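Numbering (our numbering), first residue to last: 1336 to 1538.
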């Protein structure tokens, strides 16, 4: 059950207070889908056409952070459409880490502007931007959060390379999410396929 694990994490709310993550309806549906996929296929493949202020990025970072402590040597990558967005996503993860109830049981090997890695688990979370179409191709990756894919410059090329680095083994994650940005592009095509049931992704 992922819900109690993600709800032990803390976020910065709209009133600039650090508070425990309480799932809204969209986040509850997201986690329920992730849990269903883990039970049935062993891996998570989700695509989200998102509205603003529903916390999809927040819950996705919570999912990756949680899995980084469940699995050893788990490598997660968060890819945004621009640098400020990638830094914002890492800031969410950094807050999870700094307020983590088990923080004192772990230590970081790296805690820089682009990644977190823990000594005890060997797991890491790295952020990057989609401007480099070869992003993520250098090593096996177990989880990818592809953020605002509809705004990536070359999503087909970037995702083709990323898919080749992600095994089909249990616990792997691919989350594609974006607000809408026109029709006929990569994200729109992937969303339509998922909606029609012609994709490994679920909506």
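Here a beta-carbon is modelled for each residue, glycine too, at the ideal position from N, C-alpha and C.
Quantities reported herein were computed from a predicted structural model and do not represent experimental measurements.
Need the endpoints of the alpha helix (DSSP H) that residue i sits in, please.
i            : result
residue 1400 : 1391 to 1405
residue 1341 : 1338 to 1341
residue 1493 : 1490 to 1500
residue 1438 : Unbroken run through residue 1438: none, as it is neither H nor E.
residue 1456 : Looking at the DSSP string, residue 1456 is not in any alpha helix (DSSP H), and its letter there is neither H nor E.
residue 1374 : 1360 to 1375
residue 1478 : Premise fails: residue 1478 lies in the beta strand (DSSP E), 1478 to 1482, not in any alpha helix (DSSP H).
residue 1530 : 1521 to 1530
Starting from residue i, follow the beta strand (DSSP E) in both directions and report where the run begins and ends.
i            : result
residue 1460 : 1459 to 1464
residue 1412 : 1410 to 1415
residue 1380 : 1379 to 1384
residue 1511 : 1508 to 1513
Could you tell me the alpha carbon to alpha carbon distance between residue i and residue j, rounded to whole angstroms?
i            : j            : result
residue 1519 : residue 1511 : 16 Å
residue 1535 : residue 1446 : 34 Å
residue 1415 : residue 1392 : 11 Å
residue 1421 : residue 1364 : 24 Å
residue 1408 : residue 1454 : 10 Å
residue 1437 : residue 1404 : 10 Å
residue 1375 : residue 1419 : 36 Å
How many whole angstroms separate the CB atoms of residue i and residue j, which I take to be in contact at a CB cut-off of 8 Å?
i            : j            : result
residue 1356 : residue 1342 : 6 Å
residue 1401 : residue 1358 : Not really, about 13 Å apart at Cβ, beyond 8 Å.
residue 1513 : residue 1485 : 4 Å
residue 1399 : residue 1460 : 6 Å
residue 1394 : residue 1362 : 4 Å
residue 1500 : residue 1474 : 7 Å
residue 1462 : residue 1497 : Not a contact, Cβ separation roughly 14 Å.
residue 1377 : residue 1505 : 4 Å
For a quick check, are the C-beta atoms of residue i and residue j less than 8 Å apart?
i            : j            : result
residue 1477 : residue 1397 : no
residue 1521 : residue 1488 : no
residue 1509 : residue 1430 : no
residue 1561 : residue 1464 : Residue 1561 lies beyond the range of the chain shown here (1336 to 1538); nothing can be said about it.
Going by C-alpha to C-alpha distance, which of the options sits closest to residue i?
i            : options                : result
residue 1388 : 1348, 1504, 1439, 1455 : 1348
residue 1537 : 1443, 1384, 1407, 1433 : 1384
residue 1435 : 1345, 1337, 1338       : 1345
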